[in-house]
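K.L.:
I have a structure I would like to understand better, so I am pasting it below and will then ask my questions one at a time.
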Amino acid sequence: MLDGYIEDAPVPAPGDEYGATAAFRLIHSPTDHAADEMVLPCLVTDPALVRTALEDLEEGDLLRVEGVLMLPGGSPDGVLRLRVEALEVLSPAPIREIEPDTVDRYGPYVIVSGSTHSTGADPVQMWTDAGAWVGIAPGPAAVQDMITAYEARTNGT
445 MLDGYIEDAP VPAPGDEYGA TAAFRLIHSP TDHAADEMVL PCLVTDPALV
495 RTALEDLEEG DLLRVEGVLM LPGGSPDGVL RLRVEALEVL SPAPIREIEP
545 DTVDRYGPYV IVSGSTHSTG ADPVQMWTDA GAWVGIAPGP AAVQDMITAY
595 EARTNGT
């Protein structure tokens, strides 16, 4: 059993075009000292956990994971990784406030925030990292809603 933070949002494992597996990297430190930190690649193959990993987990979430350590000689790609058999979110990542007039990344999205001092609002303009326009959210708190609406439009749901 290990506790750690997700380094990047989980994605389908390399070579998995159907989303049947999920991969992420867990930052674990047994002593809370930076010198003792390790980044452990993790692989999820259980269908229920894959769905949870791909749909619910985000960069910065604090997780508790259990699984089997796959040594380099025992994995197809020769990489040490943890095959996750159980996971629990101990603490979700905090919602980050986006500073005015900044460019930020939110997974595969690029966010440009700017302050409109006359109205007191902080609109957030969003694009995909491929350059497709997503829209304008009224503020940082609406970013997830904007992404959900965009994905529903583009995926036809």
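Under the working numbering, the first residue of the sequence shown carries the number 445, and numbering increases by one thereafter. We put the CB at the ideal spot given by N, CA and C, even for glycine. Remember, it's a predicted structure, so these values are computed and weren't measured experimentally.
1) Which stretch, first to last residue, makes up the alpha helix (DSSP H) that contains V494?
2) Bridge partners for G551 per DSSP, in chain order?
3) When we look at the beta-carbon of M482 and count the other beta-carbons within 10 Å, is it buried (16 or more) or exposed?
4) Output the boundary residues of the alpha helix (DSSP H) element that contains I591.
5) Would you tell me roughly how many angstroms separate the C-alpha atoms of D573 and P552, rounded to the nearest one?
6) For D447, which three-state DSSP category applies?
7) By a C-beta neighbour count over all protein chains shown, 10 Å radius and 16 as the cutoff for buried, is M590 buried or exposed?
8) So for P485, helix, strand or coil by DSSP?
P.N.:
From the atom records:
1) 491 to 500
2) DSSP lists no partner for G551.
3) Classification of M482: exposed, given that the 10 Å Cβ count is below 16.
4) 587 to 599
5) 5 Å
6) strand
7) buried
8) strand
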